[in-house]
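K.L.:
Would you mind keeping the following structure in view while I ask a few things?
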Amino acid sequence: MSELIPFDFKGTAVRVVIVDGEPWFVAGDACVVLGYSNSRDAVAKHVRDHQKRVSRIATPSGEQAATVISEGGLYRLLMRARTVLADQFQDWVTDEVLPSIRKTGKFDLTVPETFADALELAAKQARELEAKDARIGALEPVAKSWEQLADAAGDYSLREAAQILNRDPSISTGQNRLAKTLKGLGWTDRTGQPYQAQIDNGRLAVRSRDFFNSGVGEQQVTTQVRITAKGVHELHRRMGGSGPLLLAA
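Oh and the sequence shown: position 67 is 1116 in the numbering used here, straight run, nothing missing.
In structure tokens, the structure reads:
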């Protein structure tokens, strides 16, 4: 049975299990917070196979099987959630839940009873920290490349942004799907135009250009939604990206 860690988000229980040292969230709990009425349907539609699994957890009525989702799977549900609590929930997960779990690489309430047990626990934690440092070392180039992108000037069309995001093996999107993602995140309205708040916070931009409309025989102006480097960086995180950013085609 998996180790269960109970958390509370605004009065709603959100349970986390540790699998191979990594946090997995009980899907039903996350769906309640995010406003999904049918958790099974939401997970089937939005979470990829490698981001979900069945785990046995303890409940008041005894041990039961429950669907749990990885951190990447949780972000995919967040990305498509329509509740106003989605951003607050994401901040709570990233600012409180994950740091509390990852202080030592995992959540462990075991208290050694003897000196020998203490030595064994210390050795175990040292091995886990070494493994964690190795994982961090492997991910540093990934994080650095995305930070460099986020600091870069300029912006991208939906097609260009989709191509950049697709270089991460964990993400699969296209121009039209990315447009739907922006609407689902609340970055753009139903017509695809960006909300002013997303322009103000530097995620989106709008470019205007003149063109000759042969149908009416006059010069007109059209606008194009652009995604800034900051916006691409945020989309990469919300879409569950984990791989390196390959800037070269």
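All residues carry an ideal CB built from backbone N, CA and C; glycine is no exception. None of the values given here were measured: they were computed from a predicted structure.
(1) Here's a check: name, in chain order, each residue in its chain whose Cβ is nearer than 7 Å to the Cβ of glycine 1280, leaving out the five neighbours to either side.
(2) Report the rounded CA-to-CA distance for leucine 1083 versus phenylalanine 1074, giving the unit in angstroms.
(3) Give the range of the alpha helix (DSSP H) segment to which threonine 1230 is assigned.
(4) Could you compute how far the alpha carbon of alanine 1062 sits from the alpha carbon of threonine 1271?
(5) Identify, in the order they occur along the chain, each residue of the same chain with its Cβ nearer than 7 Å to the Cβ of glycine 1121, setting aside the five sequence neighbours on each side.
(6) Rounded to whole angstroms, what is the Cα-Cα separation between threonine 1132 and alanine 1211?
(7) For alanine 1093 versus cysteine 1080, is the C-beta spacing smaller than 7 Å?
(8) What is the DSSP secondary structure of serine 1119, reduced to helix, strand or coil?
(9) Determine the closest residue to lysine 1229 out of Ile1248, Arg1208, Asp1249, with distance taken between C-alpha atoms.
(10) Answer yes or no: do threonine 1108 and alanine 1076 have a C-beta to C-beta separation smaller than 7 Å?
(11) Could you check the C-alpha separation between asparagine 1215 and glycine 1111 for me, to the nearest Å?
(12) Tell me the residue span of the beta strand (DSSP E) that contains glutamate 1267.
(13) In this structure, how does DSSP classify tyrosine 1085 when only helix, strand and coil are distinguished?
P.N.:
Let's see:
(1) Position 231 of the sequence shown, counted from the start, is the residue given in the question as residue 1280. Arg1252, Leu1253, listed in sequence order.
(2) Against the sequence shown, residue 1083 aligns to sequence position 34. Against the sequence shown, residue 1074 aligns to sequence position 25. About 13 Å.
(3) Locating residue 1230 in the sequence shown gives position 181, where the first residue counts as 1. It spans 1224-1234 - the alpha helix (DSSP H) in which threonine 1230 sits, taken as one unbroken run.
(4) Taking the sequence shown and counting its residues from 1, one reaches residue 1062 at position 13. Taking the sequence shown and counting its residues from 1, one reaches residue 1271 at position 222. Inter-residue distance for alanine 1062 and threonine 1271 is about 48 Å (C-alpha atoms, whole angstroms).
(5) Taking the sequence shown and counting its residues from 1, the one referred to as residue 1121 is at position 72. Excluding sequence neighbours, glycine 1121 sits near Gln1100, Ser1219, Gly1289, Ser1291.
(6) The residue labelled residue 1132 in the question sits at position 83 within the sequence shown. The residue labelled residue 1211 in the question sits at position 162 within the sequence shown. Computed Cα separation, rounded: 25 Å.
(7) Translated into the one-based positions of the sequence shown, residue 1093 becomes position 44. Translated into the one-based positions of the sequence shown, residue 1080 becomes position 31. No, the pair does not count as a contact, with Cβ atoms beyond the cut-off.
(8) As a position in the sequence shown, residue 1119 is number 70, starting the count at 1. Serine 1119: coil per DSSP, three-state reduction.
(9) Reading the sequence shown from its first residue, position 180 is the one you call residue 1229. For lysine 1229, the closest alpha carbon among the candidates Ile1248, Arg1208, Asp1249 is that of Arg1208.
(10) Translated into the one-based positions of the sequence shown, residue 1108 becomes position 59. Translated into the one-based positions of the sequence shown, residue 1076 becomes position 27. No, the pair does not count as a contact, with Cβ atoms beyond the cut-off.
(11) For the purposes of this step, residue 1215 is taken as residue 166 along the sequence shown, with counting starting at 1. For the purposes of this step, residue 1111 is taken as residue 62 along the sequence shown, with counting starting at 1. Roughly 43 Å between the two C-alpha positions.
(12) As a first step, residue 1267 must be located in the sequence shown, where it is residue number 218. Segment 1267-1277, the beta strand (DSSP E) holding glutamate 1267.
(13) Within the sequence shown, numbered from 1, the residue matching residue 1085 stands at position 36. Reduced to three states, the DSSP call for tyrosine 1085 is coil.
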